Amino acid sequence: MVTTDEKGPLTAKKKSVIIRSCDGDEFLVSESAAVLSTSLKKILEEKEDRLIHLSDIDNKTLAMVIAYLSTHADDGLSDDLKRSFDQEFVSGKEFDVLKYLVLATDTLQVTCLCYTVAKKMADIMKNKLVEWVRREFDIQNDYTPEAEAEIRRLDAWAWDDRQLEDD
Amino acid sequence: MRAVGRGPLRVRYSETVGSLMDGILMDTHSNTLRTIEEEGNSEMAGDKTNIDSLPDDILFDILLRIPAQDIYNSTRLVCRKWYHMIHAHNFINAHLHHSTCGLLIQNLRNITSYPNFVAMRQGRIEISKLSYKSNHRFLSSCNGLVLELDDLNRNALYITNPTTKQRSALPTFFADTTFDRAVIAYAATSMKYKVVRTFYLTNGNTDQLEQGYVEIAYAAILTVGVDKSWRCVNIEHLSLAAKELLVNNLFTTEGFVHWAQNGNVIVSKGEPQYVLTLNVETEIITEISVPLCHDGKLSYYLYHYFSMGSYISLLISCNYFSFEVWEMKPETGEWTKMRTLTWKLNIAR
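Given below as structure tokens:
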């Protein structure tokens, strides 16, 4: 509960901050959650303004990050519950969504979320063909077919016959 | 998640906002998040994401978490930039630190069967089969690389990465030897793997062997991927007692190779005991004296050496009922007594 303070704004209490996404929507976040982001913590230490504008994070991604921060700021939850929340948090998310998420965690400097998302992206990339990875990361193949074959030939000793997935 | 206001924000902080905030925080775990996601998906559907490129440090963090065999089979072939990132020393080291340590177990009765890999993950023991078959005997391993010996051709040593299934043969050994004691170790500063092996020089005179002629063993070293032939390790400066230790089994700690006599040791009173330690970086062997129990008043000891990663642990049994546990950091060569264990006999009357 935030108590009313008619004379001064909430800065004295430092209970919550407002974060605006690049789409212009605003989110009310408890300060204990916000400071889990190293970037937000720095901003809050430097200025009294309770409104933080993030020009490169969209609504959807910001909402997810805030959900994460709020859960992790909740002292009432055990570490085990937080871990299972992390699992749940990234499961079933599209690769694209994860890419935006990992970029946002980089901007906001939320190291533990960054690692969780990176792990999930790595898990998705397992057993995938080179072509799949290129497509998802939007990467141009700068190898000539000869060069690619050469790398495979040079390093190859034996190939196992696992089926790689293209979707 | 809900937006609480638009435009220049002037929220009056009041009881209402406070409870609203609490409400939002609770919502975030359940349905609100889902709504946003659904909205988001419909928005994104026609608009395929096109992130120009992820910053290198994020890319690094992602690639780091991909298993080695996937990196080998596909990830490194994505483009030149990824290839160079993956093949850089800092990536290889970081990836190694992310991997799970475990025991590689080979069935020597049937070495062509798939080896087992036993790992501890979150307090649980996991046993898995490697998808890799070898008809060679595993002698030693270091950072996931395995040193193998071809039993049919005693001179042939191989280094294999069972994960990527890469294998390379080491240069043929210069001496005709049936000695199969060899280890692989990592020299961290020069970032090179080195293989150390011991050997006898028999000079073709086997009669002397049978007559109990005391032979001297030698040590040879090879820098993997650099040396075209084996090099002898200098043992000139060692005492005769220390040189004799070279016939014993080798074992490794991080960056060091050791020779020591395991098991029963009979010593003249007060005669010093040694362990040989080779620093794989400098390739210098030193003899380090080993502590004696009871101020060396005994003539019979039981020594057991254990490699504990970065240090050696030594169990000395001084008699049937008491043991001493010592530790030695190879960098300093100093032994520290950790504890004395004494069995107490409870004889039933």
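Chains as they are written, first to last, in the UniProt record's numbering: chain A, 1 to 167; chain B, 1 to 349.
Just so it is clear, CB atoms sit at the ideal spot from N, CA and C, and this is done for glycine as well.
A quick note: this is a predicted structure, and the numbers were derived from the prediction, not measured.
Buried/exposed call for residue i, threshold 16 Cβ in 10 Å
| i | result |
| --- | --- |
| residue 320 of chain B | exposed |
| residue 118 of chain B | exposed |
| residue 195 of chain B | buried |
| residue 33 of chain A | buried |
| residue 125 of chain A | buried |
| residue 347 of chain B | exposed |
| residue 86 of chain A | buried |
| residue 122 of chain B | exposed |
| residue 64 of chain A | buried |
| residue 97 of chain B | exposed |
| residue 72 of chain A | buried |
| residue 79 of chain A | exposed |
| residue 87 of chain B | exposed |
| residue 95 of chain B | buried |
| residue 228 of chain B | exposed |
| residue 59 of chain A | buried |
| residue 125 of chain B | exposed |
Any C-beta of chain A under 9 Å from that of residue i
| i | result |
| --- | --- |
| residue 51 of chain B | With a pLDDT of 49 at residue 51 of chain B, under the threshold of 50, the modelled position of that residue is not reliable, and no figure is offered here. |
| residue 302 of chain B | no |
| residue 127 of chain B | no |
| residue 78 of chain B | yes |
| residue 39 of chain B | Per-residue confidence for residue 39 of chain B stands at a pLDDT of 36, beneath the threshold of 50, marking its modelled position as unreliable; no derived number is given. |
| residue 181 of chain B | no |
| residue 150 of chain B | no |
| residue 75 of chain B | yes |
| residue 64 of chain B | yes |
| residue 225 of chain B | no |
Interface flag, residue i vs chain B, CB-CB below 9 Å
| i | result |
| --- | --- |
| residue 82 of chain A | no |
| residue 108 of chain A | no |
| residue 48 of chain A | no |
| residue 54 of chain A | no |
| residue 130 of chain A | yes |
| residue 103 of chain A | yes |
| residue 118 of chain A | yes |
| residue 112 of chain A | no |
| residue 148 of chain A | yes |
| residue 7 of chain A | Interpretation of residue 7 of chain A is limited by its pLDDT of 44, a score under 50 that renders its predicted location unreliable; the figure taken from the coordinates is listed afterwards. By this cut-off, residue 7 of chain A is not an interface position. |
| residue 122 of chain A | yes |
| residue 142 of chain A | yes |
| residue 43 of chain A | no |
| residue 152 of chain A | yes |
| residue 139 of chain A | yes |
| residue 133 of chain A | yes |
Nearest to residue i (by Cα), restricted to the options the options
| i | options | result |
| --- | --- | --- |
| residue 293 of chain B | B/286, B/303, B/287 | B/303 |
| residue 242 of chain B | B/114, B/275, B/186, B/314 | B/275 |
| residue 201 of chain B | B/257, B/104, B/217, B/188 | B/217 |
| residue 368 of chain B | B/333, B/266, B/317 | The structure shown does not extend to residue 368 of chain B, since chain B is modelled only from 1 to 349, so the question has no answer here. |
| residue 107 of chain B | B/54, B/307, B/115 | B/115 |
| residue 35 of chain A | A/81, A/89, A/80, A/110 | A/110 |
| residue 145 of chain A | B/279, B/102, B/78 | B/78 |
9 Å Cβ cutoff met for residue i and residue j
| i | j | result |
| --- | --- | --- |
| residue 65 of chain B | residue 121 of chain A | yes |
| residue 130 of chain B | residue 171 of chain B | no |
| residue 30 of chain A | residue 41 of chain A | no |
| residue 300 of chain B | residue 264 of chain B | yes |
| residue 112 of chain B | residue 81 of chain B | no |
| residue 288 of chain B | residue 234 of chain B | no |
| residue 181 of chain B | residue 249 of chain B | yes |
| residue 220 of chain B | residue 199 of chain B | yes |
| residue 56 of chain A | residue 22 of chain A | yes |
| residue 168 of chain B | residue 224 of chain B | yes |
| residue 314 of chain B | residue 327 of chain B | yes |
| residue 137 of chain A | residue 54 of chain B | yes |
| residue 141 of chain A | residue 148 of chain A | yes |
| residue 193 of chain B | residue 142 of chain B | yes |
| residue 257 of chain B | residue 183 of chain B | yes |
| residue 164 of chain B | residue 273 of chain B | no |
| residue 133 of chain A | residue 140 of chain B | no |
| residue 173 of chain B | residue 152 of chain B | no |
| residue 104 of chain B | residue 85 of chain B | no |
Cβ separation of residue i and residue j, assumed to be a contact under 8 Å, to the nearest whole Å
| i | j | result |
| --- | --- | --- |
| residue 61 of chain B | residue 118 of chain A | 4 Å |
| residue 255 of chain B | residue 281 of chain B | 6 Å |
| residue 114 of chain A | residue 102 of chain A | 6 Å |
| residue 54 of chain A | residue 62 of chain A | 7 Å |
| residue 245 of chain B | residue 230 of chain B | Incorrect: roughly 20 Å between the Cβ atoms, too far for contact. |
| residue 98 of chain A | residue 37 of chain A | The pair is not a contact, with the Cβ atoms about 18 Å apart (cut-off 8 Å). |
| residue 322 of chain B | residue 253 of chain B | That belief does not hold up - the Cβ atoms of residue 322 of chain B and residue 253 of chain B are roughly 26 Å apart, past 8 Å. |
| residue 52 of chain A | residue 20 of chain A | 7 Å |
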